[in-house]
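2 protein chains.
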Amino acid sequence: MSLVVQKYGGSSVADAESIKQVAQRIVATRRAGHEVVVVVSAMGDTTDELIELAEKVAPLPPGRELDMLLTAGERISMALVAMAIANLGHEARSFTGSQAGVITDSAHGRARIIDVTPGRIRGALDAGAIAIVAGFQGVSQSTKDITTLGRGGSDTTAVALAAALGAQVCEIYTDVDGVFTADPRIVPTARRIPRISYEEMLEMAASGAKVLHLRCVEYARRYGMPIHVRSSFSQAEGTWVTENQPGTTETEGGQDMEQAIISGVAHDRSEAKVTVVGVPDKVGEAARIFTAVSGAEINIDMIVQNVSAAATGRTDISFTLPKSDGQAALKALERIQPEVGFESLRYDDRIGKVSLVGAGMRSNPGVSAKFFAALADAGVNIEMISTSEIRISVVVDQDDVDTAVASVHRAFELDDPDGAAVVYAGTGR
Amino acid sequence: MSLVVQKYGGSSVADAESIKQVAQRIVATRRAGHEVVVVVSAMGDTTDELIELAEKVAPLPPGRELDMLLTAGERISMALVAMAIANLGHEARSFTGSQAGVITDSAHGRARIIDVTPGRIRGALDAGAIAIVAGFQGVSQSTKDITTLGRGGSDTTAVALAAALGAQVCEIYTDVDGVFTADPRIVPTARRIPRISYEEMLEMAASGAKVLHLRCVEYARRYGMPIHVRSSFSQAEGTWVTENQPGTTETEGGQDMEQAIISGVAHDRSEAKVTVVGVPDKVGEAARIFTAVSGAEINIDMIVQNVSAAATGRTDISFTLPKSDGQAALKALERIQPEVGFESLRYDDRIGKVSLVGAGMRSNPGVSAKFFAALADAGVNIEMISTSEIRISVVVDQDDVDTAVASVHRAFELDDPDGAAVVYAGTGR
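Chains as they are written, first to last, in my numbering: chain E, 1 to 429; chain X, 430 to 858.
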């Protein structure tokens with residue numbers, strides 16, 4: 001009997017009616033002969049409502065207590081899902097993250113999973129029951145306190161449990177049909193990607209694709225756990241995220257296909273750009289700057305340093321970071337201004353990032369040129385550029401994001417349902 | 430350093446503002462030099478709302494899952510109380526029933542506490558923190574599943590923890606000033622009882638006084654834990670529930686007083702009366718009847734059997750039970766009608782019970798006569814009578830309850846602030 005892990009997000013369990021529908025789908029999977037473990041998020045906006053309540057009581061609630069509070073959300077949804085399944089005549093047992101053996105470090109609010117010991121889940125499955133597990137939460141190995149995993153935590157719970165239990169697949173149910181070549185709200189002709197490698201999915205997620213979180217994909221890649229991202233509102237196939245190996249094509253439902261050069265176009269409007277102007281061009285100045293910023297626990301994304309002007313011996317360093325960290329970063333930098341001796345700081349939160357992702361660009365040097373040409377043709381000015389082996393990202397004016405995404409998507413013919421991008425594989429363009 | 434356990438009910442933590450006020454009181458107790466353990470109920474109507482949600486999902490939710498669901502309520506309130514305390518500059522750590530070591534049997538929805546192992550609470554106190562504990566819940570010793578204790582469960586949690594930790598007192602905070610000689614909504618001149626024995630309080634609770642639950646008082650009596658019932662909205666002394674020993678008077682704040690004969694008048698409108706008409710007067714018929722009823726897990730309160738009529742050799746047996754169990758009892762009895770051969774069943778849910786409670790009535794035989802005379806003078810017809818050593822209860826028409834309570838309260842001069850009832854102790858009436 002094969003084991004399937006299914007994860008349902010907050011919108012899939014938003015009210016009693018949705019929960020009953022989710023229960024139907026879970027029971028159908030059980031009746032099809034699978035062992036089923038289900039990971040659930042909190043209902044709809046529960047988590048936000050609890051955070052609001054916490055803020056009313058204490059402006060800066062202790063992390064331990066905030067985690068204790070927020071984990072009530074999944075506790076409610078998991079018990080209700082288990083009840084709805086029982087009402088359909090199947091036994092279901094719900095488990096908190098702690099009961100399910102999700103062991104984490106003790107970083108409240110952003111804990112990392114360090115071990116999964118799913119003995120009680122295995123016991124419930126062996127007894128013929130469906131196991132329902134609270135996503136997003138675990139228990140600290142050292143303090144035994146309840147922890148939460150941070151954004152995307154429920155997806156990570158699902159993949160981690162799937163890996164620990166040796167599941168056949170981890171199904172992530174969401175309100176869209178899978179991962180698309182671009183955001184369909186911007187590019188209506190964007191198409192569902194039937195299959196994508198972990199590596200490409202990581203780049204897509206890091207570049208702003210919201211369907212799957214980075215950590216969950218990282219976890220899946222580490223353990224080689226296939227993820228199937230699909231809609232909880234239809235029976236259609238979604239997107240398979242798997243190793244890029246011939247052997248894995250059978251899990252796609254028989255759709256063996258040539259690997260496309262380009263997976264898709266991602267965009268991100270959540271970042272801001274900081275420019276440190278007039279940094280003396282000496283060894284160690286960049287290190288001081290980024291030590292100061294990372295000391296404020298801020299994650300930096302892109303970094304660009306211009307060639308220094310010969311006349312002044314000074315250079316500009318720009319970097320992007322989450323908008324929410326903007327003020328903290330500026331404060332940290334102002335503190336080191338006397339020491340570093342840079343001239344000024346500039347802050348721009350009206351930027352957007354547009355990224356093209358595809359494993360095939362490794363062996364196709366023409367991709368960058370085509371990407372920049374598409375942006376130029378669309379009249380989009382580029383402010384920053386960064387690349388990885390399988391990704392090109394540019395920072396543009398926020399107002400240009402839609403135009404940039406659409407023109408790049410068109411230039412690479414990603415909206416062609418026959419997958420025109422595949423043609424490039426043979427032409428070497 | 431003495432240890433105080435405080436319990437706050439749902440109305441004391443109904444919203445963010447109330448929670449902040451409760452935090453002030455807790456911190457004041459800590460600042461006065463006590464170690465403090467706080468037991469909280471779920472906020473306001475949370476438990477009822479969760480039950481409603483469960484009923485929408487499944488008409489008959491499994492007990493295990495219902496308990497998992499309901500315990501989310503205290504999880505929310507305890508985390509918020511801990512945050513509010515932290516906001517006042519004191520460390521507070523919240524603990525679920527399971528984390529606090531509240532070990533129960535596995536009877537979901539009505540679990541009994543079988544052990545309390547408060548190691549983590551002791552640890553938090555030793556570290557200088559205030560411990561906040563979720564009331565109403567525990568963990569099953571055998572299955573490790575989360576359980577709830579049923580009605581009044583948070584009071585029981587508080588007393589159990591107080592006993593296990595060797596607390597000086599268990600303070601039960603509520604929205605009234607203590608235990609009264611009668612319900613002040615019926616008898617506006619009812620006065621607060623400054624001190625009452627466990628035994629009397631048990632009878633008061635069993636007779637419908639809602640301030641404290643039977644189980645909590647039973648637990649306190651077993652462990653000799655003084656309870657102080659008081660209002661969370663004032664600093665006034667409430668009612669001390671203690672052993673009836675001279676040594677305990679010092680905990681009353683020095684109010685040494687002669688023991689009153691009568692504690693108070695309690696009433697209860699939650700019961701119904703079943704009469705089994707025409708039961709053959711043979712050995713074992715009553716046993717069959719009550720075996721059938723208790724087999725349906727129904728708790729019976731009063732039982733009255735008339736002398737059988739010589740002509741027919743048949744008798745009537747009446748008993749009272751919670752209204753909510755009425756239909757189940759009738760069904761159970763109908764099933765055994767052929768076997769027992771009684772004539773018919775009568776059901777009356779328009780009854781009320783009025784009880785007079787007082788340890789002093791043991792040595793004062795005139796109390797019953799005075800009680801019945803008061804009812805007769807008020808024109809109240811008595812349907813059933815039952816007595817214990819320190820209580821007389823009558824069943825009357827529901828519409829007569831208020832009149833009966835007021836007239837008995839007046840007859841025993843319970844509203845006299847000088848405690849006229851005490852006078853009887855010497856007169857032997």
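Each residue gets a CB set at the ideal place from its N, CA and C atoms; glycine is no exception. Just so it is clear, the structure is predicted and the values come from calculations on it, not from any experiment.
key: Three-state class that DSSP yields for residue 348 of chain E in the structure shown   = strand
inquiry  = At the 8 Å Cβ level, is residue 760 of chain X part of the contact set with chain E, yes or no?
reply    = At a cut-off of 8 Å between beta-carbon atoms, residue 760 of chain X makes no contact with chain E.
inquiry  = Using the three-state DSSP reduction, which class does residue 430 of chain X fall into: helix, strand or coil?
reply    = coil
query = How about residue 454 of chain X: is its C-beta nearer than 8 Å to some C-beta of chain E?
reply = no
message = Less than 6 Å between C-beta atoms, sequence neighbours within five positions excluded: which residues of the same chain meet that for residue 435 of chain X?
response = 467 and 600
ask   = Hey, out of E:90, E:398, E:342 and E:128, whose CA is closest to residue 348 of chain E's CA?
value = E:398
query = Is there at least one Cβ from chain X nearer than 8 Å to residue 54 of chain E's Cβ?
reply = yes
request  = Please state whether DSSP places residue 410 of chain E in a helix, a strand or coil.
outcome  = helix
ask   = chain B partners of residue 512 of chain X, CB-CB under 8 Å?
value = No chain B appears in this structure, whose protein chains are E and X.
query = With C-beta atoms as the reference, is residue 700 of chain X less than 8 Å away from residue 782 of chain X?
reply = yes
query = Does residue 441 of chain X get closer than 8 Å to chain E when you measure Cβ to Cβ?
reply = No - not a single Cβ of chain E is within 8 Å of the one on residue 441 of chain X.
request  = Please name the residue in E:283, E:350 and E:142 whose C-alpha comes closest to that of residue 323 of chain E.
outcome  = E:350
query = For residue 27 of chain E, which residues from the same chain have a beta carbon less than 7 Å from its beta carbon, with the 5 sequence-adjacent residues on both sides left out?
reply = Residues 85, 88 and 90 of the same chain have their beta carbon placed closer than 7 Å to that of residue 27 of chain E, with the five preceding and five following residues left out of the count.
message = Let's test the definition: count the other Cβ atoms within 10 Å of the Cβ of residue 246 of chain E and tell me whether it reaches 16, buried, or not, exposed.
response = Any reading at residue 246 of chain E needs caution, since the residue's pLDDT is 42, under 50, leaving its predicted position unreliable; the model's value is listed next. Flag for residue 246 of chain E reads exposed.
task = Indicate the three-state DSSP secondary structure (helix, strand or coil) for residue 574 of chain X in the structure shown.
result = Residue 574 of chain X sits in coil when the DSSP states are folded into three classes, being neither helix nor strand.
ask   = Using CA coordinates, which residue listed in E:326, E:277 and E:303 is at the minimum distance from residue 297 of chain E?
value = E:326
query = Are any of the Cβ atoms in chain E nearer than 8 Å to that of residue 650 of chain X?
reply = no
ask   = Under the three-state reduction of DSSP, which class applies to residue 342 of chain E: helix, strand or coil?
value = Here residue 342 of chain E sits in coil by DSSP.
query = With 16 other CB atoms within 10 Å as the buried threshold, where does residue 685 of chain X fall?
reply = Because residue 685 of chain X sits at a pLDDT of 39, beneath the cut-off of 50, its placement in the model cannot be relied upon, and the following sentence gives the value as read from the coordinates. Per the 10 Å Cβ criterion, exposed.
inquiry  = I want to verify the contact list: residues of chain E whose CB lies under 8 Å from the CB of residue 448 of chain X, in sequence order.
reply    = Those are 57, listed as they occur along chain E.
task = Below 8 Å on the Cβ atoms is my guess for residue 594 of chain X versus residue 562 of chain X; work out the distance and round it to an integer in Å.
result = Not quite, the Cβ-Cβ distance comes to about 10 Å (not below 8 Å), so this is no contact.
message = Using a Cβ-Cβ distance cut-off of 8 Å, determine whether residue 504 of chain X contacts chain E.
response = yes
inquiry  = Determine whether the beta carbon atoms of residue 564 of chain X and residue 586 of chain X lie at a separation below 8 Å.
reply    = yes
query = Going by C-alpha distance, which of E:381, E:383, E:356 and E:169 is nearest residue 371 of chain E?
reply = E:356
key: Uninterrupted beta strand (DSSP E) stretches inside the stretch 610-653 of chain X (no shorter than 3 residues)   = Taking only runs of at least 3 residues, the beta strand (DSSP E) segments lying wholly in the stretch 610-653 of chain X are 624-626.
Proximal residues of chain X, C-beta to C-beta of residue 42 of chain E below 9 Å = Within chain X, no residue comes near residue 42 of chain E; the closest Cβ sits about 10 Å away, beyond 9 Å.
query = Nearest to residue 64 of chain E by CA position, among E:148, E:413 and E:202, is which residue?
reply = E:148
key: chain E contact for residue 553 of chain X (CB, 8 Å cutoff)   = no
Where the stretch 341-373 of chain E meets chain X: residues whose CB sits under 9 Å from a CB there = For the stretch 341-373 of chain E, there are no residues whose beta carbon sits under 9 Å from a beta carbon of chain X.
query = Could you give the distance in angstroms between the alpha-carbon of residue 812 of chain X and the alpha-carbon of residue 840 of chain X?
reply = 21 Å
inquiry  = Nearest by alpha-carbon distance to residue 113 of chain E: which of E:122, E:93, E:137 and E:125 is it?
reply    = E:137
key: Neighbour list for residue 296 of chain E in chain X, Cβ cutoff strictly below 7 Å   = Per Cβ cutoff of 7 Å: no residues; residue 296 of chain E is ~23 Å from chain X at best.
task = Report back the beta-carbon spacing between residue 203 of chain E and residue 391 of chain E to the nearest angstrom; my notes put them in contact at under 8 Å.
result = 4 Å
request  = Find out if the Cβ-Cβ distance for the pair residue 705 of chain X, residue 730 of chain X is shorter than 8 Å.
outcome  = no
message = Residues of chain E with CB closer than 8 Å to the CB of residue 721 of chain X, please, in chain order.
response = Here the premise fails: no neighbours, minimum Cβ distance about 29 Å.
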